[in-house]
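Trainee: End of the sequence shown sits at 208 in UniProt numbering; the numbers just go up one at a time, nothing left out.
Glycine included, C-beta positions come from ideal geometry on N, C-alpha and C.
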Amino acid sequence: MSRVLIIDDHPVTRLALRILLESKEYIVASETGDGFEGISMAKTLQPDLVIVDIDIPSINGIEVVNRLRRLGFSGYILVLTGKREQHYINLSIKAGANGYISKENNLSELHDAIRAIQSGYSYFPMPVLNNKQTSSIPDSEGDFVSLLSARELQILKYLASGMKNIDISKIMKLSDKTISTYKTRLLKKLRMSNQVELANFARRHNLD
Numbered sequence: 001m002s003r004v005l006i007i008d009d010h011p012v013t014r015l016a017l018r019i020l021l022e023s024k025e026y027i028v029a030s031e032t033g034d035g036f037e038g039i040s041m042a043k044t045l046q047p048d049l050v051i052v053d054i055d056i057p058s059i060n061g062i063e064v065v066n067r068l069r070r071l072g073f074s075g076y077i078l079v080l081t082g083k084r085e086q087h088y089i090n091l092s093i094k095a096g097a098n099g100y101i102s103k104e105n106n107l108s109e110l111h112d113a114i115r116a117i118q119s120g121y122s123y124f125p126m127p128v129l130n131n132k133q134t135s136s137i138p139d140s141e142g143d144f145v146s147l148l149s150a151r152e153l154q155i156l157k158y159l160a161s162g163m164k165n166i167d168i169s170k171i172m173k174l175s176d177k178t179i180s181t182y183k184t185r186l187l188k189k190l191r192m193s194n195q196v197e198l199a200n201f202a203r204r205h206n207l208d
C-alpha cells in the first residue's frame, strides 16, 4: 500500500483527503498545515506520495516541492490547489512536481491523478498557449508574473500584506539581508518603486 503525506493548512481539506485516500486503501502516514514541518516529515517518513497545497504557512507549496527535490526526495509529489493560473502550473513543473490538480473540482480528479503519476505519467492541466506565453519578453503587466520564482511569489505575498522584512525573514528562516535583496529584485523585475506598488500589483493579479 502507498503511504501518503498531506500538507495543507485547511483541516477540512485534510480530512476530506484522508477519507478519500483511505477509501482507496492508501495509508495516510501523516499530515500537517505547515511547509517547513511538511519538509521535515517527508525527510523522516519517506512517503511514497506527498500531496501539497500552494497557499500554506511559512513557505508556499511550490517552494516545498523545490526543497524536497533538492534534498533528494524521490517520491511522487502532487500539487493540490485552488489556483488555476498558468504561472503556478509552470512553477510546479519546474520545481519537480509530478502532477497538479484543482480543488475546484471537488477532488474528483484525485484518484486519476495519483494513478497516472504512479504509473510514470505526469498529470497537469493543458496549457493555454498564445503568442505572449512563447515570448520571454513581457509586453503587459500580467506577463511579469511569469518571471517570478516560487520564492519571489511567496515574499511578494508577505510584502503585500504589509509585513516588514525582519518579520518575513523569521517566518521563512532567511536572513533580513536576503529578504531585502529579494525585495529589491522584485521592485526591479516588476518595475515598481515601493512596497505599496508591489501590494497593489499583487492584489490586481490575485497574488496576495
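(1) Considering just the uninterrupted stretch of the alpha helix (DSSP H) at I93, what are its terminal residues?
(2) Hey, out of I59, R203 and N105, whose CA is closest to T81's CA?
(3) For L78, which beta-bridge partners are listed by DSSP?
(4) Is the region 116 to 124 touching the region 174 to 182 in the sense that three or more CB pairs, one from each, lie closer than 8 Å?
(5) Check whether the region 33 to 43 and the region 16 to 23 touch, using three or more Cβ-Cβ pairs below 8 Å as the test.
(6) So, is K24 buried or exposed, given that buried needs 16 or more other C-beta atoms within 10 angstroms?
(7) Quick one: measure Cβ to Cβ for L5 and S30, integer angstroms, because I've assumed they're closer than 8 Å.
(8) Apply the 10 Å Cβ neighbour rule to N184 and answer buried if 16 or more other Cβ atoms are within range, or exposed otherwise.
(9) Taking three-plus beta-carbon pairs below 8 Å as touching, is the region 105 to 115 in contact with the region 146 to 153?
(10) DSSP three-state call for Y158: helix, strand or coil?
(11) Please list, in chain order, all residues of the same chain as R69 whose beta carbon is under 6 Å from its beta carbon, the five residues on each side excluded.
(12) Counting only the same chain and skipping the five closest in sequence on each side, list residues whose C-beta sits under 8 Å from that of I155.
(13) In the region 7 to 41, which residue ranges form an unbroken alpha helix (DSSP H) of at least 4 residues, counting only runs that do not cross its ends?
Mentor: So, to answer that:
(1) Judged by DSSP secondary structure, I93 falls within the alpha helix (DSSP H) whose first and last residues are Q86 to A95.
(2) Ranking I59, R203 and N105 by Cα distance to T81 puts N105 first.
(3) Answer is I51 and G99.
(4) No: the two stretches stay apart, fewer than three of their Cβ pairs being nearer than 8 Å.
(5) No, the region 33 to 43 does not touch the region 16 to 23.
(6) Exposed, because fewer than 16 other Cβ atoms sit within 10 Å of the Cβ of K24.
(7) Correct: roughly 6 Å between the Cβ atoms.
(8) Checking the sequence shown, residue 184 turns out to be Thr, not Asn. Exposed, because fewer than 16 other Cβ atoms sit within 10 Å of the Cβ of T184.
(9) The region 105 to 115 makes no contact with the region 146 to 153: fewer than 3 CB pairs, one atom from each, lie closer than 8 Å.
(10) Residue state for Y158 is assigned as helix, using DSSP reduced to three classes.
(11) Cβ-Cβ distances below 6 Å link R69 to G96 in the same chain, with the five nearest sequence neighbours on each side left out; the list follows chain order.
(12) Around I155: I168, M172, I179, Y182, K183 and L186.
(13) Entirely contained in the region 7 to 41, the alpha helix (DSSP H) runs reaching 4 residues are, in chain order, 11 to 23.
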